[in-house]
Amino acid sequence: MVKLKHKHESVILTLQPNRSANWQQNKIIIMVMAAFVMIIAIAWSAVGVWIILPFAGFEAGLLAFLMYRVSYSTYQKQIITIHLDTVTFQAGVYYPKRFHSFNRDKLFVKTIEAQSEFEQTHITLDDGHQAIVIGQFLNQPDRVATLDHLKKAKLHIHIEKWWKTR
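Every number in my numbering is 128 more than the matching position in the sequence shown, counting from 1.
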């Protein structure tokens with residue numbers, strides 16, 4: 129998901145992954161699946177196949193852990209603020225954990241265009257001293273929208289194959 133906001137003389141570009149379910153919805157799915165697995169395990173245990181109980185518990189625990197990790201990663205956010213003379217980059221989950229500042233005149237947006245429908249455009253902020261890949265979690269239409277917003281903000285765009293046109 130790409131959000132663009134104009135504030136005074138600055139442009140704020142917010143990048144977030146698309147989220148099909150929030151953490152509350154994921155907890156409901158985990159509880160329903162765990163209850164279903166445990167009902168089946170208890171039924172088999174009542175018949176005498178008690179050895180299934182630890183495996184059912186492991187399965188429910190693994191499902192909960194993996195759904196938590198996936199849900200956690202959907203809350204990451206990247207904020208690119210383009211001022212008149214600087215560009216700032218903030219990234220993190222729930223709150224900014226990484227912060228980088230670039231001089232706008234020395235900053236280049238390096239792109240590698242997708243060569244097929246199975247590839248994705250690669251976007252990097254680079255000033256010669258530090259390079260940051262942005263939008264790794266975005267789908268292709270959102271990456272193209274991000275690149276379009278960066279072009280409209282009049283940043284220097286370097287396309288890997290500049291002789292090709294869209």
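Just so it is clear, CB atoms sit at the ideal spot from N, CA and C, and this is done for glycine as well.
Pick helix, strand or coil for residue i, following the three-state DSSP scheme.
i, result
"L190", "helix"
"I179", "coil"
"T239", "strand"
"D254", "strand"
"K155", "helix"
"H277", "helix"
"K131", "strand"
"V268", "It should be noted that the sequence gives Gln, not Val, for residue 268. The answer is helix: DSSP assigns Q268 an H, G or I state."
"A149", "coil"
"S138", "strand"
Where residue i and residue j are concerned, what is the direct C-alpha to C-alpha distance, given to the nearest angstrom?
i, j, result
"I210", "P145", "21 Å"
"L235", "Y203", "27 Å"
"K282", "A219", "22 Å"
"M159", "L194", "14 Å"
"M166", "L181", "8 Å"
"H277", "S148", "24 Å"
"I240", "F227", "24 Å"
"Q264", "L275", "13 Å"
"E187", "N154", "16 Å"
"H134", "I168", "55 Å"
On the DSSP bridge list, what partners appear for residue i?
i, result
"T249", "Note: T249 sits in no beta bridge, so no partner."
"F217", "I208 and H228"
"L143", "V130 and Q206"
"V165", "BP columns for V165 are empty, so no partner."
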